[in-house]
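Using my numbering, read the first sequence as starting at 3 and increasing by one per residue. Positions of the beta carbon are idealized from the N, C-alpha and C atoms, including for glycine.
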Amino acid sequence: MAESFSSKVYEVVRRIPAGSVATYGQVAALAGNPRNARIVGYALHENPEPGVIPCHRVVFRDGSMAPGFAFGGPERQRELLEGEGVGFVPPVSERGNAGAEGWLVDLSRFQWQA
DNA sequence: CTTTTGACAGTCC
DNA sequence: CGGACTGCCAAAA
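See below:
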């Protein structure tokens with residue numbers, strides 16, 4: 003169907019199962035170009051179908067999330083992923099200052115395996 | 001057709 | 001170890 007690359011990104015992100023997360027680079031690779039991680043983020047930023055495209059399941063290669071999350075805040079994303087069974091882990095745990103920011107998804111155990 | 005920008009990623013110092 | 005830079009590719013103006 004000759005979809006543009008960004009269109010393909012939506013398809014891939016949509017196929018991410020609940021309880022798993024994928025990195026921009028992985029989605030880009032599944033879309034056909036592992037170097038297009040930025041295009042993936044840009045495409046998701048458009049978020050043409052909120053509620054249908056689980057942008058919150060797409061995180062950085064480090065397991066962190068986008069700076070301008072469009073769901074209501076980084077804390078919201080953590081809650082959504084935890085609700086799906088995804089476990090979060092503090093970056094390195096500096097005392098109890100556990101704000102919503104700094105939390106990373108345990109990619110070692112929750113990264114989506116196509 | 002050329003230029004600019006962009007939810008990244010990997011490498012260098 | 002941490003911070004900064006570049007590289008890559010695509011869509012929009």
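Query                                                                                                                  : Result
Alpha-carbon spacing of R63 relative to G27, whole angstroms                                                           : 7 angstroms
Spatial neighbours of S66 in its chain, beta-carbon cut-off 6 angstroms, leaving aside the 5 residues before and after : L106
Classification of H47 by the beta-carbon crowding that lies within 10 angstroms, buried from 16 upward                 : exposed
Residue range of the alpha helix (DSSP H) that includes P76                                                            : P76 to E86
Test item: CB-CB of A30 and A20 under 7 angstroms                                                                      : no
Per DSSP, the bridge partner or partners of V107                                                                       : F90
Reduced DSSP category for Q113 - H, G, I as helix; E, B as strand; rest coil                                           : strand
Three CB pairs or more closer than 8 angstroms across the segment 72-79 and the segment 4-15                           : no
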